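Residue numbers (our numbering): -16 to 244.
Yeah, the Cβ is synthetic: ideal placement off N, Cα and C, and Gly gets one too.
None of these values were measured; they are calculated from a predicted model.
Down below is the structure, laid out as structure tokens.
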């Protein structure tokens, strides 16, 4: 069972397949097994690494409380353990915040970061205002309606139930991740790192609007933007085909040397 040491905390992870590396960082309701539809689809072409942040899945959950500021170090511990030097980190929702910070901590190991349904905790006044407005609308909805479409919930009651059950394997909760946004990186910090950034958004995301994500892309020179038609906030789960295609496309295209134009 692969275990990485993150400053004394045991972090569980898995490595599948071979080829250019993609490391997935789950959101507040996920863990390594949430990526089952990605591992099966991508492992023939890529090395796919999935992890459990502390407090989630099989990682150490024995601490009395969790600090979201420790999550990027958990990702870094796996990068170092596996000696990855050209990884693409893919975050889901608030997991994108941990992914971006890990990439900035280890730019020699991370070539790119995909911010899935998230601004990655970027510190910028306009983006914070836009994201806050989106959240104000999102909280008016039941949690499940923020994450999956009504059509999916009705048509795939089985996968909706499994989606909800995924979170029951975790000890840490959403509030343990929220402080990741504190003292986030600036646009200038990201540019200086040489790490490429891509924003991945779903057209039907009820948590973060396409308009907000598009604005972030406009403000970050050199960033990439992928918008998946008809996809919700948890597109990796509800629309895995288009999601996997987008991830594969980004992994193939974000491989140029960091110092190239």
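- Spatial neighbours of residue 157 in its own chain (CB-CB distance under 6 Å, excluding positions within 5 residues in sequence) are listed in chain order as 11.
- Around the beta carbon of residue 222, 16 or more other beta carbons sit within 10 angstroms, so the residue counts as buried.
- Bridge pairing for residue -12: -7 [DSSP].
- If you draw a 10 Å sphere on the C-beta of residue 27, you find fewer than 16 other C-beta atoms in it, and that means exposed.
- Secondary structure note for residue 195: it is in no beta strand (DSSP E), and the uninterrupted alpha helix (DSSP H) holding it is 193 to 202.
- Taking one beta carbon from each stretch, the segment 196 to 208 and the segment 117 to 127 have fewer than 3 pairs nearer than 8 Å; the two do not touch.
- In the structure shown, residue 229 adopts helical secondary structure according to DSSP, grouped into three states.
- Per the coordinates, the alpha-carbon of residue 191 lies some 24 Å from the alpha-carbon of residue 151.
- Distances from the CA of residue 201 to each of 109, 58, 47 were compared; the closest alpha carbon is that of 109.
- Fewer than three Cβ pairs drawn from the segment 137 to 153 and the segment 18 to 33 lie within less than 8 Å of each other, which leaves the two stretches out of contact.
- In the three-state reduction of the DSSP assignment, residue 39 falls in the coil class, being assigned neither a helical nor a strand state.
- Using a 10 angstroms sphere on the CB of residue 232, the tally of other CB atoms stays under 16, which defines it as exposed.
- For residue 214, there is no enclosing beta strand (DSSP E), since its DSSP letter is neither H nor E.
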